[in-house]
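One structure below.
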Amino acid sequence: MAKKSQARPKPDDSGFYCYIGPNLAGLIQSGTIYMGTKEEALAAAARAIEKQPLVKTLIVSGAALPEARLKVKKPGNALYVNYQKVAAGREGN
Numbered sequence: 007m008a009k010k011s012q013a014r015p016k017p018d019d020s021g022f023y024c025y026i027g028p029n030l031a032g033l034i035q036s037g038t039i040y041m042g043t044k045e046e047a048l049a050a051a052a053r054a055i056e057k058q059p060l061v062k063t064l065i066v067s068g069a070a071l072p073e074a075r076l077k078v079k080k081p082g083n084a085l086y087v088n089y090q091k092v093a094a095g096r097e098g099n
């Protein structure tokens, strides 16, 4: 009997992306869901990315979402640092 090849899904095969950064008034809201590919998500968030380029790093795949949501709250990693920088930039506007 032949084995069926089971391809493991890539981390970004969830079909959606989520913004896990702070709210940016008039630009992007925390928890915003983008259906489709990473490129489509980034295109939809282009205005926010233009104002705050680090927003791009806070749009994560659905597969990475559970871990990423914890990381933005815990010091010692890039997601936390980027979240803090975006939040600080928001206050400066």
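Quick note: the sequence shown uses this note's numbering, first residue 7, plus one each step. C-beta: ideal position from N, C-alpha, C; glycine also.
C-beta contact flag for residue i and residue j at 8 Å
| i | j | result |
| --- | --- | --- |
| residue 27 | residue 41 | no |
| residue 77 | residue 71 | no |
| residue 68 | residue 23 | yes |
| residue 58 | residue 87 | no |
| residue 96 | residue 30 | yes |
| residue 74 | residue 61 | no |
Buried/exposed call for residue i, threshold 16 Cβ in 10 Å
| i | result |
| --- | --- |
| residue 34 | buried |
| residue 55 | buried |
| residue 52 | exposed |
| residue 39 | exposed |
| residue 83 | exposed |
Three-way DSSP call (helix, strand, coil) for residue i in this model
| i | result |
| --- | --- |
| residue 33 | coil |
| residue 89 | helix |
Any alpha helix (DSSP H) of 4 or more consecutive residues that is wholly inside the region 36-74: 44-50 and 52-57
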